[in-house]
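Residue numbers (the working numbering): 247 to 483.
Built from N, CA and C at the ideal position, the CB exists for glycine as well.
Quick caveat, the model's predicted, so the values are computed rather than measured.
These notes are about the structure you will find just below.
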Ligand code: ADP
Ligand code: UDP
């Protein structure tokens, strides 16, 4: 597989073309941003951890019947993925109140829901990724009705799989963000990444935050937290 030109540089990853029009290479950076890019920093070693973690979790999800973009890990920071046209929705699944949910609805962080919730944001940096519902997504032609149904079904399955897996690692899966995309034949697959950048992960015993909230909220020990969840994951996968 030959790496060709850089197509895109995002906040956390770079995307490269390959000699196969259906395949891309993603390269994970140590750059960290929060609050729609307002806060910037570096988490040393993050790219290596997120690449490996995302790949291990996507392979596990494939086995559970979720189609993903994962093809092959190429190096510590680089992965070959199926090229998709990203559905411009950030899909957020929550098991426990935290972050923007707690703020918006005035619910204390840590309140456990009776059943998981799902919500969508319009993936649009200029607009600040505004929250929207399915009718808005349809009106804006962001996805079809069938695609939204598929995305919801996959997202709840991903939640059940990841929740059970993280529980074995002594980690509570609080919430997470997924992105989906369409292959050239229209098939919807899970894309982007699953990592401590995109999930809230709390130590099951102590409640300690082991994710990007340590960076967002200046809690310190950011690198150690990423290393700790990675260590627990590799011990159980
Ligand atoms: P952002 O664009 O939010 O700054 P990243 O730095 O993570 O995010 O950049 C990676 C970009 O690549 C994202 O826009 C993401 O939607 C996109 N992407 C992820 N997986 C794929 C894929 N398989 N095919 C095409 N684009 C993808
Ligand atoms: N999230 C993400 N990217 C975003 C917004 C949210 O990966 O652009 C993840 C975040 O890490 C958390 C979940 O989605 O695991 C829910 O985030 P929330 O809506 O509470 O927003 P935040 O508090 O991060 O602003």
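- [ ] On the DSSP bridge assignment, give the partners of residue 287 in chain order.
- [x] According to DSSP, residue 287 bridges with 278.
Open item on the list: Here's a check: name, in chain order, each residue in its chain whose Cβ is nearer than 8 angstroms to the Cβ of residue 473, leaving out the five neighbours to either side.
Closed with: Cβ within range, chain order: 291, 295.
Task: Residue(s) in a DSSP beta bridge with residue 445 - done: Partner(s): 422.
Open item on the list: Taking a contact to mean a Cβ-Cβ separation below 7 angstroms, would you say residue 417 touches residue 436 in this structure?
Closed with: Cβ distance not < 7 angstroms, so residue 417 and residue 436 don't count as in contact.
Open item on the list: Going by C-alpha to C-alpha distance, which of 286, 336, 247 sits closest to residue 320?
Closed with: Looking at 286, 336, 247, the one whose alpha-carbon comes closest to that of residue 320 is 247.
TODO: With residue 336 as the anchor, note down where its beta strand (DSSP E) starts and where it stops.
DONE: Unbroken beta strand (DSSP E) run through residue 336: 335–342.
- [ ] With residue 436 as the anchor, note down where its beta strand (DSSP E) starts and where it stops.
- [x] Annotation for residue 436: the continuous beta strand (DSSP E) segment containing it runs 434–437.
- [ ] Report yes if the CB atom of residue 427 is closer than 7 angstroms to the CB atom of residue 331, and no otherwise.
- [x] Going by C-beta atoms, residue 427 is nearer than 7 angstroms to residue 331.
TODO: Just the C-alpha distance for residue 430 and residue 268, rounded to the nearest angstrom, thanks.
DONE: Roughly 8 angstroms between the two C-alpha positions.
- [ ] Have a look at 285, 425, 441, 263 and flag the residue whose alpha-carbon is nearest the alpha-carbon of residue 464.
- [x] Cα-wise, what sits closest to residue 464 is 285.
- [ ] Evaluate contact between the region 333–343 and the region 390–399, counting only Cβ atoms and requiring at least three cross-stretch pairs below 8 angstroms.
- [x] Yes: the two stretches touch, three or more of their Cβ pairs being nearer than 8 angstroms.
Task: For residue 357, the nearest candidate out of 420, 254, 264 (CA to CA) - done: Selected option, being the one with the closest Cα: 420.
Open item on the list: One question on the structure: do residue 475 and residue 422 come within less than 7 angstroms of each other, judged by their Cβ atoms?
Closed with: Cβ distance not < 7 angstroms, so residue 475 and residue 422 don't count as in contact.
TODO: Could you check which residue in 309, 328, 311, 279 has the C-alpha nearest to that of residue 262?
DONE: Shortest Cα-Cα distance from residue 262 to any of 309, 328, 311, 279 involves 328.
Open item on the list: Rounded to whole angstroms, what is the Cα-Cα separation between residue 194 and residue 360?
Closed with: One cannot answer for residue 194 here, as it falls past the ends of the chain, which runs 247 to 483.
Open item on the list: With DSSP as the reference, identify every bridge partner of residue 270, one or two as the case may be.
Closed with: According to DSSP, residue 270 bridges with 263, 327.
TODO: Pair every Cβ in the region 450–457 with every Cβ in the region 363–373, then say whether three or more of these pairs are closer than 8 angstroms.
DONE: The region 450–457 vs the region 363–373: no contact.
Open item on the list: In whole angstroms, give me the CA-to-CA distance for residue 311 and residue 411.
Closed with: So the alpha carbons of these two residues sit roughly 15 angstroms apart.
Task: Coil, strand or helix - residue 353 by DSSP - done: Residue 353: coil per DSSP, three-state reduction.
Task: Residue of 302, 341, 313, 433 minimising C-alpha distance to residue 325 - done: Minimum Cα distance to residue 325 is reached at 302.
Open item on the list: Quick check: does the Cβ of residue 415 come within less than 6 angstroms of any heavy atom belonging to the ligand UDP?
Closed with: For the ligand UDP, not one heavy atom lies less than 6 angstroms from the Cβ of residue 415.
Task: Beta bridge counterpart(s) of residue 428 as assigned by DSSP - done: Per DSSP, 331, 434.
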